[in-house]
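Trainee: Read in order, the letters of the sequence shown correspond to residues 1 to 97 in full-length UniProt numbering. Sharing a structure with you now.
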Amino acid sequence: MTRGELVAGLRVLRPGVSFPEASLGRVVTRFRGKGYGAMAMREGIRIAREQYGAEMLRIEAQCHAIGFYERFGFRVDSAEFLEDGIPHVEMVASLVP
1 MTRGELVAGL RVLRPGVSFP EASLGRVVTR FRGKGYGAMA MREGIRIARE QYGAEMLRIE
61 AQCHAIGFYE RFGFRVDSAE FLEDGIPHVE MVASLVP
């Protein structure tokens, strides 16, 4: 990694853009397993809660990453489907304590 190199990205979408609930866009990283995705998820959840008053989040997750998202309170909420030939599921998480 070089100084200033992008290692992860995350979009926080307000309720009604992709789903009725707030949602997190794709986390993209070339540096998997180093904690950058987890840092982005924590910040995305904070932004959804504070800026949009979100009580729920919904995402479309690649099936191989289900365990990663479960660490943040997400649970599977759909049958498996293909997106771009890759198995996905919808997952939801409550942001209400």
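Cβ atoms here follow ideal geometry from the backbone N, Cα and C, with glycine treated the same way.
Would you say the region 24–38 touches the region 73–92, given that touching needs at least three Cβ pairs under 8 angstroms?
Mentor: The region 24–38 vs the region 73–92: no contact.
Trainee: In the DSSP assignment, find the unbroken beta strand (DSSP E) run with GLU50 in it and report its ends.
Mentor: Not the beta strand (DSSP E): GLU50 falls in the alpha helix (DSSP H), residues 36–52.
Trainee: Mark GLY44 as exposed unless 16 or more other C-beta atoms lie within 10 angstroms of its C-beta, in which case mark it buried.
Mentor: So GLY44 counts as buried.
Trainee: Between PRO15 and ALA22, is the Cβ-Cβ spacing less than 8 angstroms?
Mentor: Yes.
Trainee: For PHE68, which of GLY33, GLU55, ILE86, GLY85 has the nearest alpha-carbon?
Mentor: With distances taken between Cα atoms, PHE68 lies closest to GLY33.
Trainee: Under the three-state reduction of DSSP, which class applies to PHE72: helix, strand or coil?
Mentor: Here PHE72 sits in coil by DSSP.
Trainee: Determine the DSSP secondary structure at ALA22, reduced to helix, strand or coil.
Mentor: In this structure, ALA22 counts as strand in the three-state DSSP scheme.
Trainee: Tell me which residue opens and which closes the beta strand (DSSP E) that GLU83 is part of.
Mentor: Unbroken beta strand (DSSP E) run through GLU83: 81–83.
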